[in-house]
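Colleague: Take any residue in the sequence shown, note its place counting from 1, add 190, and you have its number in this note's numbering.
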Amino acid sequence: MELHFNLAVSPIRPHNRKMAETDRFTYRVLPDLLGVRRFRWTVCEGEQIHLRSPCSYATRREAEIEGGKAVLRFAKTWPGYK
191 MELHFNLAVS
201 PIRPHNRKMA
211 ETDRFTYRVL
221 PDLLGVRRFR
231 WTVCEGEQIH
241 LRSPCSYATR
251 REAEIEGGKA
261 VLRFAKTWPG
271 YK
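1) Rounded to whole angstroms, what's the CA-CA distance from Glu-237 to Thr-249? Just pull it up for me.
2) State the Cα-Cα distance for the pair Pro-244 and Arg-218, rounded to the nearest angstrom.
3) Where does Phe-264 sit, in a helix, a strand or coil, going by DSSP?
4) Nearest CA to the CA of Cys-234: which residue from Arg-228, Asp-213, Pro-269?
5) Since Ala-253 contacts Arg-230 with CB under 8 angstroms, what's their CB separation in whole angstroms?
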């Protein structure tokens with residue numbers, strides 16, 4: 191019987207890609223102040239807020255998915271995007 195213990199090896203490779211234009215923008219998911227157990231995303235560049243979600247989401251995961259999509263859409267409209 192042969193055992194393999196690959197759990198100690200990190201599956202994450204070292205970061206070696208160049209920074210993309212979308213990397214200057216991030217999104218944050220925060221609890222909605224008006225809704226109980228609801229979440230909203232915000233697209234930011236550093237501390238500057240560029241875009242907020244128009245609606246709240248029932249789960250944090252759902253807000254994260256939509257926030258990621260919004261960052262990509264926003265970056266495509268930004269001058270200098272390739």
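Here a beta-carbon is modelled for each residue, glycine too, at the ideal position from N, C-alpha and C.
Modeller: According to the structure shown:
1) 24 angstroms
2) 14 angstroms
3) helix
4) Asp-213
5) 6 angstroms
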